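Residue numbers (the working numbering), protein chains in the order written: chain W, 26 to 315; chain E, 26 to 315.
Protein chains: 2
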Amino acid sequence: MSDASLMNMKARKIRVAFQGELGAYSESAVRTFFGSKVEAKPCIKFSDVFKSVEQDESEFGLVPIENSTEGSVNQTYDLLLDYDLKICGETVLKIDHCLVAHQQTALRAVKVVYSHPQALAQCGEFLQRLGCELVPSYDTAGSVKMIRERGLKDSAAVASKRAAELYKMKVLAKGIADNPNNYTRFLILSEKDAKPTGKDKTSVVLSIRHVPGSLYKALGELAKRNINLTRIESRPTKRTPWEYNIYIDFEGHRKDDKCTKVLKGLEQKTSFIKVLGSYPKATLNIDETI
Amino acid sequence: MSDASLMNMKARKIRVAFQGELGAYSESAVRTFFGSKVEAKPCIKFSDVFKSVEQDESEFGLVPIENSTEGSVNQTYDLLLDYDLKICGETVLKIDHCLVAHQQTALRAVKVVYSHPQALAQCGEFLQRLGCELVPSYDTAGSVKMIRERGLKDSAAVASKRAAELYKMKVLAKGIADNPNNYTRFLILSEKDAKPTGKDKTSVVLSIRHVPGSLYKALGELAKRNINLTRIESRPTKRTPWEYNIYIDFEGHRKDDKCTKVLKGLEQKTSFIKVLGSYPKATLNIDETI
């Protein structure tokens with residue numbers, strides 16, 4: 026970080042980049058992790074979040090990595106590989122979808138519902154009963170903003186309660202998702218990862234040769250040291266169809282003695298490995314709803 | 026299958042259910058795998074494809090399982106677990122996105138582009154240069170149909186060449202994806218899997234206990250028999266947040282002696298296992314474009 030950008034930072038609040046409009050679930054995750062005093066900076070694309078941190082415009086970035094219903098956020102996995110940032114934390118947010126409309130709009134007057142296709146899909150049963158036209162859009166909070174700006178009185182959006190409050194709109198119904206157990210895990214990104222706390226996780230991405238037993242041998246480095254694997258995910262490389270990178274999360278900090286040995290062992294058993302970061306494990310607070 | 030439904034089948038062509046409108050990439054995959062003489066039956070949702078086969082309305086179903094750029098199709102993984110169908114084949118299709126509009130529309134007249142959000146994202150660079158409004162919709166071919174039916178002369182859709190032909194529209198540009206190496210792998214579903222051919226794959230889904238080394242021990246069943254693991258994927262269960270099912274593809278047919286032993290071994294090392302099917306491996310024909 027240059028002296029000039031350090032000077033700039035001192036003169037202002039800590040800035041955290043996220044994807045989406047103000048009122049997006051990602052902004053709620055920023056508030057959950059950092060508290061209310063940071064500046065949450067909206068970005069159009071996921072890659073803009075990474076760029077904002079890389080170019081020292083924001084101290085931190087926050088991106089979703091997986092949803093308990095939908096699975097992995099593919100783009101985030103790819104960007105972790107492309108950019109040279111570190112994961113320095115994680116946080117879990119309960120997603121509580123609401124139907125949001127103008128103050129004057131009654132539930133029976135709603136003819137069209139806008140939202141991100143995943144949010145529409147997650148509320149399939151409620152929306153089917155409501156029997157209105159569904160229009161996919163890029164963003165949950167962005168749909169609320171658009172309905173407000175265009176004064177659409179026969180429309181509603183699937184979005185968070187916070188989006189309703191922020192744009193001074195009304196919550197017509199809440200808890201409208203088919204499956205109420207809907208959580209998203211977010212990663213916090215910065216230029217350095219976090220110091221060991223004793224309750225950490227390490228994320229790596231690696232490639233293995235395509236011969237029988239190669240993944241087995243790599244995982245043996247964890248198993249023989251009794252280290253818990255918390256997540257494994259394969260993602261296609263962009264270069265060659267059906268060639269995969271494997272993302273692995275395991276317990277422990279890369280500076281812990283056992284983990285240092287694991288990483289050395291993995292280096293010998295893989296054709297490529299990149300440590301994405303070590304960071305304190307999130308505690309899953311099932312009751313907390315934003 | 027009941028006698029009545031067998032009688033119905035004899036009186037008509039083999040029917041294959043797929044998701045999307047006629048002209049969708051899935052319909053092209055049906056034609057690639059089964060030839061031109063089958064009846065391709067459009068379904069609104071992925072689950073409708075599974076239902077159509079389960080209820081003997083279609084002999085086969087075809088669903089996308091992974092894309093070389095975007096990764097896994099999460100919904101398909103979940104439906105494979107929920108329904109009791111078998112994977113009896115796979116096929117790979119090169120995805121070649123085109124910009125499709127009315128015969129009279131010139132490229133410079135296009136103000137709005139409609140398509141599935143993934144298709145819009147995959148053509149990001151081309152569409153940014155074009156500089157028009159992007160509107161996400163449910164379907165690539167469905168967007169072509171809608172532009173035709175509504176007579177939108179200032180609009181275009183990202184879709185296949187086949188969709189353009191089918192709806193008698195014009196291809197304004199082809200090969201517009203950022204990454205030309207764009208392939209989708211589809212699974213063929215039926216009530217039974219396929220007979221051994223000597224070049225087969227087997228797909229299973231399993232759960233393991235959350236203790237160190239449990240995935241390692243399960244994969245050992247493959248490694249010690251020198252069987253190649255071709256794919257591994259973890260998906261959240263819908264019941265409990267951050268509890269995963271693991272989907273594994275490996276080489277060989279479940280009736281092969283080595284694979285029978287693997288499956289017996291896996292049964293003992295997992296808390297749950299379901300064989301999704303054994304089927305002939307697709308040969309990836311890189312040059313073929315639909």
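The beta-carbon is built from N, C-alpha and C at its ideal position, and this holds for glycine as well. No experiment lies behind these values; they were computed from the predicted model shown.
Non-local beta-carbon contacts of LYS294 of chain E in its own chain, meaning distances under 6 angstroms to residues more than five positions away in sequence, involve LYS242 and ALA243 in chain order. W:PRO205 is the residue among W:GLY302, W:VAL229 and W:PRO205 whose C-alpha sits nearest the C-alpha of CYS123 of chain W. Distance from the CA atom of MET194 of chain W to the CA atom of GLN44 of chain W, rounded to whole angstroms, is 22 angstroms.
Residue pairing by DSSP places PHE151 of chain E in no beta bridge whatsoever. Residue state for GLN44 of chain W is assigned as strand, using DSSP reduced to three classes.
Taking the Cα positions, VAL137 of chain E is about 56 angstroms away from LYS283 of chain E. Where ASP274 of chain W is concerned, the enclosing beta strand (DSSP E) starts and stops at 269 to 276. Assignment of beta strand (DSSP E) within the region 168 to 225 of chain E, counting only whole runs of 3 or more residues, yields 180 to 184, 195 to 199 and 208 to 215 in chain order. Proximity of VAL117 of chain E to chain W, defined by a Cβ-Cβ separation below 9 angstroms, is satisfied.
With its beta carbon less than 9 angstroms from one in chain W, VAL236 of chain E belongs to the interface. For the 9 angstroms CB-CB criterion, VAL88 of chain W and PHE275 of chain W do not form a contact. Taken in chain order, the complete alpha helix (DSSP H) segments of 4 residues or longer contained in the region 81 to 166 of chain W are 99 to 107, 142 to 147 and 149 to 155. Chain-ordered, the chain E residues with CB closer than 8 angstroms to the CB of THR94 of chain W read PRO261 and LYS263. A check of alpha carbon separations from GLU46 of chain W across W:ARG37, W:THR57, W:VAL74 and W:PHE58 identifies W:VAL74 as the nearest. At a cut-off of 9 angstroms between beta carbons, LYS136 of chain W makes no contact with chain E. Identification of chain E residues near GLU258 of chain W by a Cβ-Cβ cut-off of 8 angstroms yields GLU258 and SER259, ordered along the chain. Segment contact: the region 215 to 222 of chain E against the region 89 to 102 of chain E, fewer than three CB-CB distances shorter than 8 angstroms; contact not assigned. Annotated as distal: ASN251 of chain E and SER93 of chain E, with beta-carbon spacing of 9 angstroms or more. Cβ contact annotation for PHE59 of chain W (same chain, cutoff 8 angstroms, sequence separation greater than five): ILE39, VAL41 and PHE85, in chain order.
Taking all protein chains in view, the Cβ of SER296 of chain W is surrounded by fewer than 16 other Cβ atoms within 10 Å, so the residue is classified as exposed. For GLN128 of chain E, the closest C-alpha among the options E:ALA54, E:GLU268 and E:VAL169 is that of E:VAL169. Excluding residues up to 5 positions away in sequence, LEU104 lie with their Cβ nearer than 7 angstroms to the Cβ of SER72 of chain E in the same chain.
Per DSSP, the continuous alpha helix (DSSP H) segment holding LYS294 of chain E begins and ends at 282 to 294. Spatial neighbours of LEU240 of chain E in its own chain (CB-CB distance under 8 angstroms, excluding positions within 5 residues in sequence) are listed in chain order as ILE233 and ILE271.
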